[in-house]
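So the sequences go chain by chain: E and U. For the first sequence, numbering that gives the first Met the number 0 begins at 0 and goes up steadily by one. For the second sequence, numbering that gives the first Met the number 0 begins at 0 and goes up steadily by one. Heads up, the beta-carbon is just placed ideally off N, CA and C, and yes, glycines get one too. Since the structure is predicted, the reported quantities are computational estimates derived from the model, not experimental observations. Here the structure comes first, spelled out in structure tokens, and everything after it is commentary.
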Amino acid sequence: MKNYKSIIAVLLAGTMLFSLAGCSGGKKDKDSSSKGNQKTEETGKVDKDGYILKGTDTESKSEDNDLVIAIEGSVSSMDPANIPDTNAISATRGVYENLVQFNEKNELVGQLAKDWEISDDSLTYTFHLNEGIKFHDGTDFNAAAVKANYDRVVNKDNNLRQRRTFIVTNDDGSEEPRVASVETPDDYTVVFKLTKAWSPFINRLSQFCIISPKALEEYGNDIMNHPVGTGPYTFVEWEEGDHTTMKKNDDYWGEKPEVDTVTIKEVPEAGTRTAMLQTGEADFVYPMPVDQIEAVQDTKNLNVLAADSNIMRYVTLNMNLPELKDEKVRQAMNYAIDKNAYVQLMYSGYGKPATSVVPQIITGYEEQPAYDFDLDKAKDLLKEAGCEDGFKLTLWGDNSTQEIKGMTFVKQQLEQIGIEVDVEPMEPATISDKIYVDADEAEVNMWYVNWSASDFTMDGSLRSLLYSSMCPPVSANTAYYSDKDFDKDLDDGLTNADSDAQAKVYADAQKRAWEACPWLFLGNDQVIYSEKTYLSGVYVSPDGAFNYAHAALAQ
Amino acid sequence: MGRYALKRIVSAIPLLIVISFLIFMFIHLIPGDPARLIAGKDATKADVELVREQLGLNEPLPIQYGKYMKGLVTGDLGYSIKNGKTVVEAIAPRFEPTIMLTISSMIWATIIGVSLGIISAVMKGKAVDYIAMLIAISGISLPGFWLGLELIQIFSVGLGWLPTGGLESWQAYVLPSLTMGSGIMAILARFTRSSMLESMREDYVRTARAKGLSELPVVMRHAFKNSLIEIVTVGGLQIGGLLSGSVMVETVFSIPGLGRLLVDSIKFRDYKVVQALLLFFALEYIVINLIVDLLYGVINPKVRYN
């Protein structure tokens with residue numbers, strides 16, 4: 000049956016390819032940096048404030064007070080509890096607010112909550128709410144509103160993506176709530192009692208937007224078309240695939256917004272985004288591909304900026320394979336890769352070689368001793384492991400131009416020490432199908448991939464990728480890395496309310512994984528964006544969401 | 000003609016059923032699990048199972064197909080996996096940009112293309128013919144992607160006359176229509192020319208000339224009228240293509256049309272939306288072919304429908 004299915008699939012795919020060929024031919028890769036590394040000395044320079052290019056015309060003024068942000072992807076939802084992509088996070092954050100948030104320095108601070116306490120056993124989280132806040136429809140913000148939102152998210156019938164933050168589904172399909180109870184002792188206090196200690200909880204609440212309970216009652220899940228929050232902007236319209244518009248909330252409880260309207264415009268083509276910035280149709284453009292920087296070099300009223308991201312780029316090594324079983328082999332492979340050249344080639348220098356299993360931005364990050372590019376050392380290690388004659392491996396990855404470039408780089412580097420690599424680019428969904436299979440069917444050798452932990456926690460960065468019980472098909476530990484002490488570190492990290500003790504176990508976890516080399520550690524790239532010099536107060540967070548709460552246009 | 004049209008519409012139904020089956024099978028056979036895509040990379044197996052159950056993807060394919068057909072008949076096309084909108088809600092706003100763009104591109108491409116074709120047929124072998132055909136060849140060989148970006152550079156960034164995209168005003172349609180229509184203009188010019196050359200060699204044209212008619216009525220009334228059938232056929236097929244949306248033009252000019260929706264939906268394995276779109280495109284071709292066939296009778300009363 001399977002064979003028969005695949006024959007039909009191939010035939011149909013052939014027909015489809017044939018008929019689509021005409022329209023896909025012109026599509027340029029979205030993040031290609033066609034510069035290659037010809038200009039390596041000049042690129043990659045960012046000053047301490049993040050400027051790659053600083054516009055000299057600082058006196059220029061905006062013609063209107065309407066902020067236009069041009070983005071690459073789509074805002075696919077305006078329901079903050081059902082977010083399919085990062086742009087939807089950015090768009091909903093104009094209208095909605097959370098109990099806590101990450102500020103510009105990436106510190107966790109209160110937003111709707113004034114402050115909070117965590118009990119010593121890490122089980123009870125008590126939030127004291129800001130008073131006098133109203134939703135856009137005039138409803139009061141209070142503890143009951145928080146509880147109403149919690150109840151909505153955990154209700155299975157609502158089918159919301161955020162449910163997974165609060166409910167764990169076991170392998171047998173049974174469910175375990177993370178939260179035992181939500182209590183509201185008074186109007187401005189909310190107490191979450193957890194069933195088990197889970198330290199990422201507080202960070203996850205930075206994604207838990209509070210919607211007006213009255214609007215929830217009125218619209219149900221159609222709330223995505225009628226967003227009502229407490230944020231600095233009120234909702235005007237959302238036309239998926241085109242734009243999302245908001246206007247200034249004059250009654251905003253915090254620092255009043257300055258711009259009259261905010262429009263997030265979806266502009267998939269990078270060249271067009273750059274053109275919009277040049278013509279003034281857009282005030283802020285994100286992302287800005289490296290190859291566009293030169294195009295705006297002479298435009299005096301533009302800034303180009305870079306910001307650190309939470310993106311970790313790496314190649315997983317299937318440790319179950321006889322070739323990759325030996326730690327020395329995996330270390331040798333890490334020594335064989337010139338990480339600086341990688342960052343230069345792939346990101347024109349706008350990034351850094353990886354210095355741990357997680358990016359610097361993750362809470363608890365600790366720098367590890369680098370595997371500096373050293374072919375002799377690599378060859379020696381291979382010899383010690385008895386693999387001096389080399390071997391052959393496949394490398395899987397997405398089929399975008401940029402990813403193929405990265406895979407080809409890895410291939411070329413590993414071949415220097417006699418490891419032959421077959422690069423096999425595939426459509427992302429196809430890779431998923433091949434990755435998430437039972438261990439005895441696993442065909443994966445190496446996987447060129449990346450990870451961004453949107454909650455910035457160590458647990459969010461490592462558990463799905465390296466915890467021993469998270470091997471496919473359960474989750475994404477495609478290195479099949481299994482270290483009981485590492486697992487214990489992660490588990491201890493969850494229950495530790497004391498941040499120093501937590502830092503200690505997380506430091507140990509990083510050291511273990513770094514030494515064991517379940518991955519080829521590549522790099523952490525930066526996000527690049529561009530803005531008019533007359534715009535201030537808009538920035539891109541490390542998770543790729545942009546913040547415009549304090550946007551101002553010089554008039 | 001009315002009976003003929005009705006007969007054609009009725010006979011399209013089994014065709015649509017076959018197409019719907021092919022579309023359904025095709026979509027469910029492409030590798031890639033939508034449940035995994037929706038649940039996210041960090042989802043555990045149990046999370047993915049839960050999503051699969053919620054989407055009804057656990058049921059055997061024939062049952063899924065049955066439900067899908069039942070939905071089609073009752074007008075319930077289901078929900079977009081991505082954000083829970085109904086399929087109609089997801090698709091409806093995308094029609095207008097695509098239709099407007101199709102109309103505006105077709106109008107100028109037809110007028111210019113057919114005129115160029117007639118002129119170069121009449122002036123065959125002369126400089127005008129070569130210039131007209133050079134324009135036609137450029138129109139078809141310039142990559143639309145490049146042309147679009149160049150037009151933006153010249154008319155938006157350089158001269159500041161026209162917006163870079165979007166569809167807020169009539170000016171916004173100018174550059175995308177130019178980009179989209181250039182290839183069609185070229186095709187129509189080439190077809191008109193060759194078909195005109197053919198009909199100008201026919202006996203009835205010679206007779207018309209022999210009767211002493213001046214050149215213009217000979218070309219327009221006798222030769223061109225007989226070339227129309229071919230031009231309408233080619234033009235009809237082009238409209239069908241344009242109405243499925245152009246990913247390239249929609250991408251360069253940030254237009255929220257059907258083409259981009261289809262590509263985005265395929266990437267996301269948004270089955271319901273992809274199914275509805277493909278079925279609609281098939282229907283569109285059937286209807287346009289019918290219109291073209293009916294036009295034959297209008298153009299040439301000798302064509303009989305039976």
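Listed along chain U are G31, D32, R35, L36, each with a C-beta nearer than 8 angstroms to that of S431 of chain E. Close partners of V356 of chain E in chain U (Cβ separation under 8 angstroms) are lacking, with about 15 angstroms as the shortest Cβ gap. Rounded to the nearest whole angstrom, the C-alpha separation of N398 of chain E and D185 of chain E is 54 angstroms. For F267 of chain U, there is no enclosing beta strand (DSSP E), as DSSP gives it neither H nor E. Residue-level contact by beta carbon holds for E280 of chain E and chain U, with a gap shorter than 9 angstroms. With the criterion set as a beta carbon lying under 9 angstroms from some beta carbon of chain E, the members of the segment 95-109 of chain U are P96, in sequence order. Interface residue (Cβ-Cβ distance to chain U less than 9 angstroms): V303 of chain E is not classified as such. Residues of the segment 430-450 of chain E that bring their beta carbon within less than 7 angstroms of a beta carbon in chain U comprise S431, D432, Y435, in sequence order.
Within the segment 130-153 of chain U, the residues whose Cβ lies closer than 9 angstroms to any Cβ of chain E are, in chain order, P142, G143, F144, W145, G147, L148, I151, Q152. The beta carbons of E238 of chain E and P30 of chain U sit no closer together than 9 angstroms.
Per DSSP, reduced to three states, the secondary structure at H221 of chain U is helical.
Separation of Y370 of chain E and S355 of chain E (C-alpha to C-alpha, rounded to the nearest whole angstrom) is 10 angstroms. When C-beta distances to chain E are compared with 7 angstroms, every residue of the segment 195-223 of chain U stays at or above that value. By alpha-carbon distance to Q110 of chain E, the top candidate from E:Y149, E:K53, E:N220, E:T229 is E:T229.
Taken through DSSP and simplified to helix, strand or coil, D139 of chain E comes out as strand. Three or more Cβ pairs closer than 8 angstroms define a contact, and the segment 292-311 of chain E meets that threshold against the segment 450-459 of chain E. Within the DSSP secondary-structure output, R203 of chain E pairs in no beta bridge. Contact annotation: the segment 283-295 of chain E touches the segment 66-80 of chain E, with at least three C-beta pairs closer than 8 angstroms. By the CB criterion at 9 angstroms, V178 of chain E and K192 of chain E fall inside the cutoff. Within the model, the alpha-carbon separation for V504 of chain E versus M406 of chain E is close to 33 angstroms.
Using a Cβ-Cβ cut-off of 9 angstroms, K327 of chain E does not count as an interface residue toward chain U, since no Cβ of chain U sits closer than that to its own. Nearest CB-CB separation between D292 of chain U and chain E: not below the 9 angstroms threshold.
Judged by DSSP secondary structure, F252 of chain U falls outside any beta strand (DSSP E); it is assigned neither H nor E. The alpha-carbon separation between N300 of chain E and W160 of chain U amounts to approximately 20 angstroms. Contact note: M318 of chain E does not reach chain U at a C-beta cutoff of 7 angstroms; the least C-beta distance is about 20 angstroms. Chain E places a beta carbon closer than 9 angstroms to that of A45 of chain U, counting this residue as a contact. Uninterrupted alpha helix (DSSP H) stretches at least 4 residues long and entirely within the segment 56-110 of chain E occur at 85-94, given in chain order. A direct Cα-Cα distance of roughly 18 angstroms separates V266 of chain E from Y547 of chain E. Under the criterion of beta carbons closer than 8 angstroms, R268 of chain U and L36 of chain U qualify as touching, at roughly 6 angstroms. With a cut-off of 8 angstroms on Cβ pairs, the segment 146-161 of chain U is not in contact with the segment 222-234 of chain U, counting fewer than three such pairs. Scanning U:V47, U:Y284, U:V248 for the CA closest to the CA of G165 of chain U turns up U:V248. Of all alpha-carbon atoms in U:H27, U:P162, U:L242, the one lying nearest the alpha-carbon of T278 of chain E is that of U:P162. Within chain E, G240 have C-beta atoms less than 7 angstroms from the C-beta of L260 of chain U, given in sequence order.
Neighbours of G172 of chain E across chain U, judged by C-beta separation under 7 angstroms: A45, E48. Scanning its chain for C-beta atoms nearer than 7 angstroms, with the 5 sequence neighbours on each side dropped, one finds around N202 of chain E the residues L107, D454, F455, T456, in chain order. Around the beta carbon of L60 of chain U, fewer than 16 other beta carbons sit within 10 angstroms, so the residue counts as exposed.
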